[in-house]
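Position 48, counted from 1, in the sequence shown is what the working numbering calls 48; the numbers after and before it change by one each time, with no gaps. For each residue, glycine too, the CB sits at the ideal point set by N, CA and C. Quick caveat, the model's predicted, so the values are computed rather than measured. Below is one structure, written out as structure tokens, with a few remarks after it.
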Amino acid sequence: MRSRSAWSCRWPARRFSSSCCCAAARNAREPDVADATGLPSPAELRRRGPLRRTPSPAVVLAVLAAATLAAVVLFMTVDLRGNLGYILPLRAVKVGAMLLVAVAVGLSTLMFQTVTANRILTPSIMGFDALYLFIQTAVVFAVGGSALATAPAAGKFAVEVLLMVLCSGLLYRWLFTGGTQSLHLMLLVGIVLGTLLRGASSLLQRLMDPSEFIILQDLFFASFNQVDPVLLWVSAAVVGTVAAAAWRLRHTLDVLALGRETAVNLGVNHRRIVTWVLVMCSVLVAVSTALVGPVTFFGLLVVTLGYQLCRDYSHRWLLPAVSLLGAVALIGGQLVLEKVFGFDTALSILIEFAGGILFLFLLLKGYLK
1 MRSRSAWSCR WPARRFSSSC CCAAARNARE PDVADATGLP SPAELRRRGP LRRTPSPAVV
61 LAVLAAATLA AVVLFMTVDL RGNLGYILPL RAVKVGAMLL VAVAVGLSTL MFQTVTANRI
121 LTPSIMGFDA LYLFIQTAVV FAVGGSALAT APAAGKFAVE VLLMVLCSGL LYRWLFTGGT
181 QSLHLMLLVG IVLGTLLRGA SSLLQRLMDP SEFIILQDLF FASFNQVDPV LLWVSAAVVG
241 TVAAAAWRLR HTLDVLALGR ETAVNLGVNH RRIVTWVLVM CSVLVAVSTA LVGPVTFFGL
301 LVVTLGYQLC RDYSHRWLLP AVSLLGAVAL IGGQLVLEKV FGFDTALSIL IEFAGGILFL
361 FLLLKGYLK
């Protein structure tokens, strides 16, 4: 039988302090993994350090409002010399058009993502931009670019808005009054129609005269330099009416964001509200596209930034936030386009370039799910 000294030689005694014993006991009581509720353990919370305090949505809105006001003042006053009676009204029309498009595109994208329960889709998936380009291409191919350039602006605006709203209304009626009543089927049909219209536009563009195509190419990108003041007031009245209706539906939109089953259980007439919201999105996109041209990626950019800044899913904060973000992006982008690039490119190209980089960053970081 081995002696006690032999065992002590093979297994030397270790001295444990009281702090080590307490730490071991605490770690044994507090596992590193999350518990059954999915919440992190206290040990994990201590390793993460103190939580960063995020600003409230009211503070974010105040900062965005101040940034919008600063952007407007800077755009109106930078390099201000010469005939002020001519320059100031011209810049005021540009600012008004950019504010209008920011509200229309931001609200339409936010409401569209709410009813479709998808943070990546935009109303352009329904083919509005493709329909706009097809209308312009068909008119140039049929009557020539000179006829399109000399046509009354009010007539073109009315025809484009009516055609886009009519096509979307027929699509909604066909899908929501038939036997399927599927929102996903409507999105799929919109994608197919958009692809069909883009293919038809490409075919007509290949067949037309090169000089006519040069005239048509200017209409492919959004431009705020030739906005009719009369059409701006008409568009402002339409967008203001729809924006007021969207604000009244802000609490209903919060319920719709919870999902169809939850909204129905809470007493929301899902079919009627979704149809009404889609019609409002169609009107907003049609008016903004007919006024300045297509801005496809802009809505996705401002809505994604709105979610990241507000950290709140309540539409009473998101609706004004996306509008203010859109105003800052458009006015700042137009200022950079004029003063830095000297009109050598299009504003939509700058927005889609910056927005694409931001979207990929958020997607890779896992903020978009």
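Query: Assuming L88 contacts M98 (C-beta within less than 8 angstroms), just tell me the rounded distance between them.; Result: About 16 angstroms separates the two Cβ atoms, so there is no contact after all.
Query: Cβ of G326 within 9 angstroms of Cβ of V140?; Result: no
Query: In terms of alpha-carbon separation, which member of V143, F221, L133 lies closest to L193?; Result: L133
Query: Give the DSSP-derived three-state secondary structure of V78 in the structure shown.; Result: coil
Query: Can the beta-carbon of V230 be found less than 9 angstroms from the beta-carbon of L284?; Result: no
Query: Could you tell me which whole alpha helix (DSSP H) segments of length 4 or greater appear in the segment 82-130?; Result: 84-116
Query: So for Q308, helix, strand or coil by DSSP?; Result: helix
Query: Could you compute how far the alpha carbon of L347 sits from the alpha carbon of Q217?; Result: 15 angstroms
Query: Should D129 go down as buried or exposed, given a rule of 16 or more other Cβ atoms within 10 Å for buried?; Result: buried
Query: Under a Cβ-count criterion, where at least 16 other Cβ atoms within 10 Å of its own Cβ denotes burial, should H184 be classed as buried or exposed?; Result: exposed
Query: Between the Cα of F361 and the Cα atoms of A321, V72, P320, Q308, which residue gives the shortest distance?; Result: Q308
Query: Hey, how far is the Cα of V268 from the Cα of T252?; Result: 8 angstroms
Query: Out of L330, V165, L207, L187, state which residue places its alpha-carbon closest to the alpha-carbon of S223.; Result: L330
Query: If we count the other Cβ atoms within 10 Å of its Cβ and call it buried at 16 or more, is I357 buried or exposed?; Result: exposed
Query: Could you spell out the range, first to last residue, of the alpha helix (DSSP H) harbouring P320?; Result: 315-339
Query: Hey, A321 and L100: beta-carbon distance below 9 angstroms or not?; Result: no
Query: Which residue from W247, V277, R272 puts its Cα closest to that of H315?; Result: W247
Query: Kindly give me the distance between the Cβ atoms of A153 and D79, rounded to whole angstroms, as I take these residues to be in contact under 8 angstroms.; Result: Actually they do not touch by this definition, with Cβ atoms about 28 angstroms apart.
Query: Does F221 come out as helix, strand or coil in the three-state DSSP assignment?; Result: coil
Query: Does the beta-carbon of M66 have 16 or more other beta-carbons within 10 angstroms, so that it is buried, or is it exposed?; Result: For the sequence presented, residue 66 should be read as Ala rather than Met. Under this definition A66 is an exposed residue.
Query: On the premise that V115 lies in contact with L319, defined as a C-beta separation below 8 angstroms, what is that separation, rounded to the nearest angstrom?; Result: The Cβ separation is near 14 angstroms, so there is no contact.
Query: Among the candidates F341, V336, G306, Y313, whose CA atom is the shortest distance from the CA of L324?; Result: G306
Query: Quick check on the DSSP output: the alpha helix (DSSP H) that includes M186 runs from which residue to which?; Result: 183-207
Query: What span of residues does the alpha helix (DSSP H) with D254 cover, start to end?; Result: 250-256
Query: Which residues bound the alpha helix (DSSP H) around S146?; Result: 145-150
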